[in-house]
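In this note's numbering, the protein residues as written are 145 to 1108. Ideal placement from N, C-alpha and C gives every residue a C-beta, glycine not left out. Values in this document were obtained by computation on a predicted structure and should not be read as measured data.
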């Protein structure tokens, strides 16, 4: 079975490790794995990236197809031959690709199979045991050998079942097993001189394999004493590379017998390994163990030597001991540096961490002697990065700049930590290849080029220069102009540039009056891949020449002569006219001065040379002929070099007044010119003033309309018959009430009788604290069609009310406190005046209402139902707690026909009323509180109330009793 494990991936994909396993004894051509596919490589690019095996890691047992990345067995693998008894057997291989460099470590584990059975060195094993041996005596047997490892290695021993011996299987420190023959029953040579058994070694494979040998036990005649070692186990240390013949250990065994029975012979036991016999020797007579060959710690750090001592008497019994030789390491191996791959050159644009070389460092010593410190010498932009185990990569440690250094010598030093320390070093040279990483740079970011106007077309005007620190094609610069339009024409009709030198040329003659300056971009581009470029700004400034004469704009006249009136009574300093001129040039070439060239011989006028104002210098002589004109020639001169000038002719006409002179029409042209030169500030002031005036006018109109709407809404509310605060009908005028009427002040009592067969309406009263609250009180608002007709009557027919009544009522209203409360005298006075002045309008009021002045119906026109019937009086239905009778309280019920279109409103919900509609008229004491609650909201709109009170023509004035 072949297994694949990707063990480790190093950052940036530079170094990765992949592991395969293959069983030993696999046939030639056996597929181990596809390295390219398992690593996710592009198979089509293996050839172009030079996929190959690192030469130093090649093995004859495996081969890689470089075209498709297939790893296969090229020669049969014998694990026991390659790795012997090593617990793990591994073959290593490194493969890599270029562009970019990627190296992969491939580990192939050779899996052991149970292809070897255990075997004994001899097919016949003879053991001599004295008949005097006591039960429990142990006799080591020669060990079997199984080259397989792990579970396939030797597992146990077995012997033919018998009555005298059994086997005790022991395990050595290295994991090897050996058997000891243990005497279980005393022997008697006279009964049986030899015993034969089959000794079997069994491994742990599946199925297990076995090896056998014939065990012959010879029973010897008695030899009373056996040799005895000082110790059963000896432990010694031995430095590696110890010289041949060096003493390892002096053994000493004693035997109490005499003569040959007490003379001891030393030897290695039969189950000792051949390698131990090669490295060590023992003197049979003295028991001295010496070094026979070079001992290397790197080969093995521990050796086990089994020694036996036997006397020379008959039927000798051997004594056994074990010697453990621990090999101590010496720092006898210097580190080894091996470069697997090296990149000859690295791009200067390589990112930090780019791999330059891959190397491995090994030291065969152990512990501190084998611990290695690796470093790079010198101040170079490279560093070592540990990949895995003893592999290192040399990577860039920052940006490279070929312009600063084009190559580096990198020296790697490896030093172990032994005493004395051993070191090794190797050097490589890395070339830095140029990249087009520097764009051409202009010597100036902005070029100011001054060109005098009227230049010669094709003239050289300037040169731009750019530098590129790269080399070769990357530093070859070409210049160009970025396309743009100037005054609707292509820039290339104005200037051109030499691609190689950067010289700029003017392609036309520039005119300052048409084009004062223009800006364009020049570009410097190298020939690298990709091309890099940079831009610079060129600003061409046209230098003005004095090539334009001043032009007179005002005053204007016929045939170049302007007429200006001059009153005969003009005072000195009188402004006759102002000469307005302009010059298309700039600077000093456009700075103008004004002067009178002729016509002012008598000094009548003076000219301001800066502003061009022509004023009188003295009064007009009374003797001057009024028909005689002043013919003035005005010169306008610039300050250029040489200066240029122009002139204007002005005829000054004497007139009696300015209006006469201007009525002639000669000043029309001058006035038009002046209007054209009005100050911009004045225009802005006029515009802002106009806008502000219009805005103010709109605000006034809106305010007037809003005020009219508020008055109409107030009148509509007050002329509606509302009960208990009118919270639904007049919510906009009565949302803020400071005084509330408690429901305990009134009580509605249902009448016992009925009118015209119609049942009485039962009005529920909420258990709330007070009237006038939208959320805790239940207020009722009733307004019939007839009441709306009454309202319309008041609005549309105010002329029917005697105007004197309004005037008188307005006078009386001045007594009101303005806080919604009226004195009793005020109420009485108002009631009397209202009755006297508007009897036809307030005929609906009862005498008690007129006397109290607190009923809204007193201020409403009388209205009789369409059927001409007068509704019954239900005033007895209202009961005020604390009062025996309610003579001053009136409860009116309307018929169902009159209430057909009305609804019952509570808390914003409408509930149709199918029976009578209520009108409540309270006792004056309670009515006083009710009216306060009803009109407290009007206290917050005092301005509206005052306007109503002061406007007799306002229909709402009729209800001023509770408003004013």
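{"Check": "Output the residue ranges of the beta strand (DSSP E) runs that lie fully inside the region 362–440 and measure 3 residues or longer, sorted by chain position.", "Outcome": "377–383, 391–394, 408–412, 424–426, 432–435"}
{"Check": "Applying the 10 Å Cβ sphere with the 16-neighbour rule, what's the burial state of residue 160?", "Outcome": "buried"}
{"Check": "Taking the straight line between their C-alpha atoms, what separation do you get for residue 157 and residue 246?", "Outcome": "With a pLDDT of 39 at residue 157, under the threshold of 50, the predicted position of this residue should be treated as unreliable, though the coordinate-derived value follows. If I take the Cα positions, the gap works out to 7 Å."}
{"Check": "Please report the straight-line C-alpha distance between residue 315 and residue 555, rounded to a whole angstrom.", "Outcome": "51 Å"}
{"Check": "Runs of 3 residues minimum, wholly inside the region 703–772: which ones carry the beta strand (DSSP E) assignment?", "Outcome": "705–711, 719–722, 724–726, 736–742, 749–751, 757–760"}
{"Check": "Are the region 265–283 and the region 359–371 in contact at 8 Å, needing three or more beta carbon pairs?", "Outcome": "yes"}
{"Check": "Taking only three categories from DSSP, how would you classify residue 296?", "Outcome": "helix"}
{"Check": "Please check the pair residue 614 and residue 621, which I expect to be a contact at CB under 8 Å, by giving their CB distance rounded to whole angstroms.", "Outcome": "So it is not a contact: roughly 10 Å between Cβ atoms."}
{"Check": "Determine contact between the region 580–595 and the region 680–690, defined as no fewer than three beta-carbon pairs at a distance below 8 Å.", "Outcome": "yes"}
{"Check": "Is residue 459 helix, strand or coil by DSSP?", "Outcome": "coil"}
{"Check": "Please list, in chain order, all residues of the same chain as residue 728 whose beta carbon is under 7 Å from its beta carbon, the five residues on each side excluded.", "Outcome": "657, 692"}
{"Check": "Could you work out which residue in 229, 667, 500, 202 is closest to residue 553 when comparing CA atoms only?", "Outcome": "500"}
{"Check": "Residue 167 bridges to which residues according to DSSP?", "Outcome": "255"}
{"Check": "Measure the C-alpha to C-alpha separation of residue 578 and residue 617 and round it to an integer number of angstroms.", "Outcome": "10 Å"}
{"Check": "Is DSSP giving residue 592 helix, strand or coil here?", "Outcome": "strand"}
{"Check": "Assuming the contact rule is C-beta atoms closer than 8 Å, residue 465 and residue 375 should be a hit. Round their C-beta distance to whole Å, please.", "Outcome": "7 Å"}
{"Check": "Residues bridged to residue 464 by DSSP?", "Outcome": "452"}
{"Check": "For the candidate residues 287, 588, 793, whose alpha-carbon lies nearest to that of residue 414?", "Outcome": "287"}
{"Check": "Please state the DSSP three-state secondary structure of residue 564.", "Outcome": "coil"}
{"Check": "What do you reckon, are the CB atoms on residue 722 and residue 779 nearer than 7 Å?", "Outcome": "no"}
{"Check": "My output table needs one value for residue 189: the three-state DSSP class, helix, strand or coil.", "Outcome": "helix"}
{"Check": "Let me check understanding here. Comparing Cα to Cα, which of 517, 724, 550, 629 lies closest to residue 535?", "Outcome": "517"}
{"Check": "Specify whether the region 215–223 and the region 249–256 touch according to this definition: at least 3 beta carbon pairs, one from each stretch, less than 8 Å apart.", "Outcome": "yes"}
{"Check": "If distances are taken between C-alpha atoms only, which option among 720, 461, 836 comes closest to residue 699?", "Outcome": "720"}
{"Check": "State the beta-bridge partners of residue 529 as determined by DSSP.", "Outcome": "537"}
{"Check": "By the three-class DSSP mapping on this structure, what secondary structure does residue 267 have?", "Outcome": "coil"}
{"Check": "Going by beta carbon distance, what residues of the same chain come within less than 6 Å of residue 241, once the five residues before and after it are set aside?", "Outcome": "193, 195"}
{"Check": "Write down the C-beta distance between residue 274 and residue 367 rounded to the nearest angstrom, noting that I regard them as a contact closer than 8 Å.", "Outcome": "6 Å"}
{"Check": "Kindly give me the distance between the Cβ atoms of residue 608 and residue 680, rounded to whole angstroms, as I take these residues to be in contact under 8 Å.", "Outcome": "6 Å"}
{"Check": "Closer than 8 Å by C-beta to residue 1119: which residues in its own chain qualify, once you throw out the five before and the five after it? Chain order, please.", "Outcome": "Missing from the structure shown is residue 1119; the chain here goes from 145 to 1108 and no further."}
{"Check": "Which value, in whole angstroms, describes the spacing of the CA atoms of residue 493 and residue 599?", "Outcome": "48 Å"}
{"Check": "With burial defined as no fewer than 16 other Cβ atoms inside 10 Å of the residue's Cβ, what is the status of residue 852: buried or exposed?", "Outcome": "exposed"}
{"Check": "Helix, strand or coil for residue 646? Go by DSSP, reduced to three states.", "Outcome": "coil"}
{"Check": "Out of 689, 248, 760, 638, which has the shortest C-alpha to C-alpha gap to residue 625?", "Outcome": "638"}
{"Check": "Determine whether the beta carbon atoms of residue 571 and residue 557 lie at a separation below 7 Å.", "Outcome": "no"}
{"Check": "From 524, 503, 520, 547, pick the residue whose C-alpha is nearest to that of residue 533; which is it?", "Outcome": "503"}
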